[in-house]
Every structure is written in structure tokens, then in C-alpha cells.
Amino acid sequence: MDNAGIHPIVKEVAGVLNRGGKQAFLVGGAVRDILRGKKAHDWDLATDARPEEVTALFKKVIPTGIRHGTVTILYKGVSLEVTTFRTESDYRDGRRPDRVEYAAAIEEDLSRRDFTMNALALELPGARLVDPFDGAEDIKRGIIRCVGKAEERFNEDGLRPLRALRFASQLGFTVDEAALGAIPGTLGTTAKVSPERVRDELDKILRSPRPSAAFRLMEKTGLLRLFLPDLAACRGVEQKGYHRFDVLDHSLLACDYAAAQGFPLHVTLAALFHDLGKPRTRELKDGVWTFYNHERESARLAENILTSYRYPNAIIHAAVHLIEEHMFFYEDVWTDAAVRRFIIRVGEENLEDLYALRNCDTYGMAGIAPSPSLLLPLMRRADAVLAQSRALSLKDLAVSGKDLMETGLKPGPGMGIVLKELLETVVDDPALNSREKLLEIAAKYSEAKNLS
Ligand code: ATP
Ligand code: MG
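In my numbering, the protein residues as written are 47 to 498.
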């Protein structure tokens, strides 16, 4: 086995372990990548050295997963996860092994791993391949197969079914029939997996080249109903007229487009969830399906989902906001004021993401790449309006609260109302944005409303 694909620093680290009388094997994703002829980036080592022995051999060691026998070595700018050979016999709650038991040899360590393609090791420094489960052959054929009996392995750790489908969309591999067939019967164990672990897999699916591959398998095996029931409910929700697909197929296509374009995660999530509210808002009016205000219901459902999977607040807010705003329909008759109101509502900093979401949505209607000319008129108008005198937020006003105080207006809620009114005025007509005119308008307005 050629070991040219292995980072020289990884070989150096293995050398340090070897000179300490210990074994070192490259394991996990890196071996898979090397066998597929891809560049490896994630360096996991397995060793017979105990964590404290590893720690003693290197200067910079972080006990990242000491309960599982894992430490992270920082060596000449490279970070490596080093895990002592283990067996895992006890997975009582369908989550993680309750305690770590060390194994004597690499073969035993490999037998606890989930899939044959992940149960390979390259011994360092010689790069001898250890492959007790024919993983190399499965990698060559692009097959995801469990080590041992699928049902047992899934009942040990309920995350494994989701990992299988995630790898399928990441690598473009096929999940073998035995593994796929074992998923429905082990959903009870999978249901106990922590939301954070599920989220990490969802993230990897969403960043894969074609997320729909995993989501379709999730649907087929019951995982979609388990983890994303509101999305599963979009199946069969027809929306004939302007759409060729039901709401689920449309959402998956939109999501695929986001992933293929490399859009940020919150845009990909928004693409997947933007129509979640359609099943609940659907009404037949004069023989045509309508979905009034579905974007608000979609936003509400998406917020619940993202919160329950413990997504960071920034991602939740960004995705939910895009979903809420996805139903804009620009026409050339929009006044500059209408364009300014649109920009204020969306937020200047979110325009690009909203355009991206619209392109996903358009792609999802027919599976055809959206023409750049679709959004161009709005983009041009928005750019033009932004280049004009700015009138988008209170800080763009030619007067401040302090100026208003000098005219006798007191600070407080009344002042806030006046400032908002001034902004409305200037959004409608930026020519009014001068100190003199605004003070005059403020005086009239506060007198009329009895605010001074
Ligand atoms: P990637 O890092 O690209 O997601 P990977 O295969 O390296 O892929 P990791 O989650 O980093 O995946 O895990 C490293 C290795 O640990 C896997 O290749 C597999 O052998 C083993 N492993 C990880 N999670 C499990 C699990 N839930 N059950 C059994 N073995 C696992
Ligand atoms: Mg890895």
C-alpha cells in the first residue's frame, strides 16, 4: 500500500509512538479517502498506548475525549486524534458506550466500528493495510455495509442508521439492503439519540453534494418521520399550477441547489424548510390550491425544529428570517420607496442570502437552473436605491434625538414615535432628509399628535 497520501507530520507522530515501543494505525475517514484516491484531511490514529502514555510522549496533548480513550495531539501545526484500541460492549441507552474498555489488538478495535468502509487501518510507518471485513472491496464498489449484523449494530448505537445515510450522500455510496432493511425495526433506539448528535449528522447531510439522496432514504426508512415530521408531512401535498412537484420534492430540490452552490448553512436550511407551513395552510379556492401566509407558518415550524436540535441562535435567526421573507414579488412598477421598504424589511446585509434562497426556490419548481435575469431587475433597483441618498435607518436621518430635544421635545416614547415617523417620511421621499425640513415636520407632527 502506497502511503504517499499520508501527511508527513502524521508519519512523524507515528514514529514517536513507535520509538516509544507503541503501535500506530491510521484509521477512519483518512483511510477511506486514501483508498478512494481522494485527499485525506482528518487524521485519526489508533494505538495500543494508553492515553496517559500518549500524553507522556508529546508536548502538546489535549484530553478531548479522555472518557473514550481519546486525546488530541497538536504537533507542528497539525492536529491528530489518537485513540487507544477499545472494545465497546455496553451501549445501554442507545447513545454512547457507558464505559471504555481497552482492546489488545487493532483487529478487535476495528470490529467495534460501524461500517466495513470505516473498519480499515493502515499500519504506520509501513502502511500495511489491515482489513478484516473486506472494507477495501466495499469502498471500491461504493457500498455501505455494517460490520456484523445490522440490527444488532443499530441497536447498540441508534445514530448509526443516520450515519449510514449521511455517508451515502457525502460519498455517493449505496447503503446495502441488509443495513437499509434494519433501520425501520430499530427506530426505537434511534429515537433516543441526543439532539446534538442528530444535528451534527444533519449538518453533514446539508453540506454534502446532494442532500436529497440522504433525505429520500430517510423517508423510505422512517427516519424522516422520526426526526423531521413536518418535512415528512409535505409528501403528497400537491400544488399544481406553477409547480411540477409536491411540496417535499420541491423542498428537496431547493435544498440540493443550495448545497450544490455552496450557499451558507442557514440558506440551505431555509431552502429545505421554506415551505413547511404549506400542508397546514393549504385551502382549495375555486379549484386552485392556495397557501396564504404559509411563510409565517413555515418560519414558526422551522424555528421549533432548529431550536429543538440546538442550532446556534445566529443560524436559527438567519434561517427563520429568510423563510419569513421568501414570498417577495418584485415588479418594475415598484416605487423607490417600495424598494427601500423591501430593503429595510429584509436588511441590507441579508439581501444576497434572500436572492440565493429565491434561486433555490426557482430551481425547485422544475429542477432547472434559474436564469440570472430573473432577479437582475430587482438587484439593479436595490443597488440603485442603496447608491442614492441613504434613508434606511434612524442613523441615516439628518436629525438626531438630540436635535429634537433642542426644539423642546422630551426624551421618551414620544420621541421614538416622532423619529419613526421621520424615517417613514424620508423613506417615501429622501429629498426631505435635511435638518431644516425634518425639524419642521417633527414640530408639526408632535403638535398634531400632542407629543410635546
Ligand atoms: P468524517 O470524519 O469524514 O465524518 P469518519 O469516518 O472519520 O468520517 P468520524 O465520526 O470522525 O467519522 O469517526 C471516525 C471513525 O470512528 C469512523 O470511521 C468509525 O470507524 C468510528 N466511528 C465513529 N462513530 C461511530 C459509531 N457511532 N459507531 C461505530 N463506529 C464509529
Ligand atoms: Mg473523522
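Just so it is clear, CB atoms sit at the ideal spot from N, CA and C, and this is done for glycine as well.
Keep in mind the model is a prediction, meaning the values are calculated, not measured.
Taking the C-alpha atoms as reference points, what is the distance between residue i and residue j?
{"i": "Tyr-355", "j": "Ser-417", "result": "35 Å"}
{"i": "Phe-309", "j": "Ala-300", "result": "11 Å"}
{"i": "Gly-393", "j": "Asp-249", "result": "26 Å"}
{"i": "Arg-436", "j": "Ala-430", "result": "11 Å"}
{"i": "Glu-68", "j": "Gly-51", "result": "The question names Glu, but residue 68 in the sequence shown is Lys. Distance between the alpha carbons of Lys-68 and Gly-51: 22 Å."}
{"i": "Thr-235", "j": "Ala-196", "result": "13 Å"}
{"i": "Pro-230", "j": "Glu-98", "result": "41 Å"}
{"i": "Arg-82", "j": "Thr-220", "result": "15 Å"}
{"i": "Pro-476", "j": "Gly-218", "result": "54 Å"}
{"i": "Glu-147", "j": "Asp-177", "result": "22 Å"}
{"i": "Met-451", "j": "Gly-460", "result": "11 Å"}
{"i": "Val-293", "j": "Glu-467", "result": "41 Å"}
{"i": "Lys-106", "j": "Val-100", "result": "10 Å"}
{"i": "Met-264", "j": "Asp-203", "result": "17 Å"}
Contact check, residue i vs residue j under 8 Å by CB: the rounded distance?
{"i": "Ala-225", "j": "Ala-210", "result": "6 Å"}
{"i": "Leu-443", "j": "Val-472", "result": "6 Å"}
{"i": "Ile-185", "j": "Lys-122", "result": "Contact flag wrong, Cβ pair sits at about 30 Å."}
{"i": "Ile-390", "j": "Leu-397", "result": "11 Å between Cβ atoms; not a contact."}
{"i": "Val-313", "j": "Leu-277", "result": "At roughly 17 Å, the Cβ-Cβ gap does not stay under 8 Å, so Val-313 and Leu-277 are not in contact."}
{"i": "Gly-66", "j": "Ala-95", "result": "7 Å"}
{"i": "Glu-134", "j": "Arg-113", "result": "Not a contact, Cβ separation roughly 12 Å."}
{"i": "Met-163", "j": "Arg-78", "result": "6 Å"}
{"i": "Trp-89", "j": "Ala-70", "result": "Actually they are not in contact, since the Cβ atoms of Trp-89 and Ala-70 sit about 11 Å apart, beyond 8 Å."}
{"i": "Lys-320", "j": "Leu-233", "result": "For the record, residue 320 in the displayed sequence is His; it is not Lys. That pair is no contact at about 27 Å."}
{"i": "Ser-254", "j": "Ala-182", "result": "The pair is not a contact, with the Cβ atoms about 23 Å apart (cut-off 8 Å)."}
{"i": "Arg-199", "j": "Asp-246", "result": "Rounded, the Cβ-Cβ distance is 19 Å, inconsistent with contact."}
{"i": "Asp-407", "j": "His-372", "result": "7 Å"}
Compare the beta carbon distance of residue i and residue j with 8 Å and say whether it is the shorter of the two.
{"i": "Val-124", "j": "Thr-116", "result": "no"}
{"i": "Phe-131", "j": "Ile-119", "result": "no"}
{"i": "Val-445", "j": "Leu-497", "result": "no"}
{"i": "Ile-190", "j": "Phe-213", "result": "yes"}
{"i": "Ala-365", "j": "Leu-315", "result": "yes"}
{"i": "Val-62", "j": "Leu-126", "result": "no"}
{"i": "Val-385", "j": "Ala-428", "result": "yes"}
{"i": "Ser-215", "j": "Ala-165", "result": "no"}
{"i": "Ala-412", "j": "Arg-290", "result": "yes"}
{"i": "Ala-150", "j": "Val-73", "result": "no"}
{"i": "Pro-207", "j": "Thr-110", "result": "no"}
Check whether the Cβ of residue i sits closer than 7 Å to any heavy atom of ligand 3, and report yes or no.
{"i": "Gly-410", "result": "Absence of ligand 3 is noted for the structure shown, with ligand 1 and ligand 2 being the only ligands found."}
What does DSSP give as the partner residue(s) for residue i in the beta ladder?
{"i": "Val-221", "result": "Ile-190"}
{"i": "Ala-73", "result": "Correcting the residue type first, residue 73 is Val in the shown sequence and not Ala. Bridge partners of Val-73: Asp-90, Ala-167."}
{"i": "Lys-331", "result": "Val-334"}
{"i": "Arg-132", "result": "Tyr-148"}
{"i": "Glu-127", "result": "Asp-90, Thr-118"}
{"i": "Arg-174", "result": "Glu-169"}
{"i": "Ile-108", "result": "Thr-118"}
Return no unless some Cβ of chain C is closer than 8 Å to the Cβ of residue i.
{"i": "Asp-474", "result": "No chain C appears in this structure, which consists of one protein chain only."}
Worksheet item: Taking contact to mean at least 3 C-beta pairs separated by less than 8 Å, is the region 261–271 in contact with the region 377–396?
Response: no
Discussion item. Whether or not the region 366–379 and the region 275–293 are in contact is what I'm after, with contact meaning three or more pairs of Cβ atoms, one per stretch, closer than 8 Å; do they touch?
Written reply: no
Worksheet item: Counting Cβ pairs closer than 8 Å, one from the region 348–365 and one from the region 326–333, do we hit at least three?
Response: no
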